[in-house]
């Protein structure tokens with residue numbers, strides 16, 4: 001991933017970002033430095049929190065990266081998958097109903113969600129919900145489209 005530009009966020013931009021993530025995910029970022037990184041050839045832009053790629057923008061909306069979700073575990077918009085789904089989700093597969101063991105019922109279709117594994121609660125991926133949270137678990141069908149996962153270019157990004 002090639003960096004197009006980098007700049008530190010102003011205090012009002014930091015405050016807005018922190019408010020959005022707190023409202024949506026129940027996350028309190030506690031960084032000392034916030035730097036926006038615009039990338040070439042990708043639909044994502046990053047925010048480095050203390051040098052770590054913790055937040056990314058998807059369609060203009062900020063959300064935690066996989067690394068960010070592990071550093072600042074979200075309280076809301078979380079979907080938990082069983083051990084059988086871990087390998088597939090970590091490799092970037094979309095999430096199927098049978099692999100889901102728990103989901104935040106407040107999730108709406110189109111929401112970005114953090115996908116975590118049930119044993120340790122570690123984030124594996126970020127996806128876009130295709131169904132309401134109450135309808136995510138079940139017997140069959142794709143219900144979350146993968147957006148970012150462990151091991152992809154965004155996850156491997158470093159400055």
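Residue numbers (the UniProt record's numbering): 1 to 159.
The C-beta atom is built at its ideal place from N, Cα and C for all residues, glycine as well.
Being a predicted model, the structure only gives us computed values, none of them experimental.
Determine the direct distance from the alpha carbon of residue j to that of residue i, and round the result to whole angstroms.
| i | j | result |
| --- | --- | --- |
| residue 110 | residue 58 | 12 Å |
| residue 65 | residue 137 | 23 Å |
| residue 155 | residue 149 | 7 Å |
| residue 77 | residue 159 | 29 Å |
Pick from the options: whose alpha carbon is nearest that of residue i?
| i | options | result |
| --- | --- | --- |
| residue 61 | 49, 99, 19, 40 | 19 |
| residue 125 | 132, 116, 3 | 116 |
| residue 49 | 97, 6, 85 | 6 |
| residue 144 | 158, 108, 151, 45 | 108 |
| residue 141 | 97, 38, 86, 106 | 97 |
| residue 139 | 94, 99, 10, 51 | 99 |
| residue 131 | 46, 112, 121 | 112 |
| residue 41 | 1, 82, 32 | 1 |
| residue 22 | 74, 34, 56 | 74 |
| residue 89 | 51, 152, 34 | 152 |
If you run the structure through DSSP and keep just helix, strand and coil, what is residue i?
| i | result |
| --- | --- |
| residue 35 | strand |
| residue 130 | coil |
| residue 88 | helix |
| residue 48 | strand |
| residue 76 | coil |
| residue 123 | strand |
| residue 159 | coil |
| residue 2 | strand |
| residue 28 | coil |
So is residue i buried or exposed if we call it buried at 16+ other beta carbons inside 10 Å?
| i | result |
| --- | --- |
| residue 3 | exposed |
| residue 134 | exposed |
| residue 8 | exposed |
| residue 11 | exposed |
| residue 104 | buried |
| residue 15 | exposed |
| residue 33 | exposed |
| residue 80 | buried |
| residue 28 | exposed |
| residue 121 | exposed |
Between residue i and chain D, is any beta-carbon pair separated by less than 8 Å?
| i | result |
| --- | --- |
| residue 140 | Here there is only one protein chain, and chain D is not present. |
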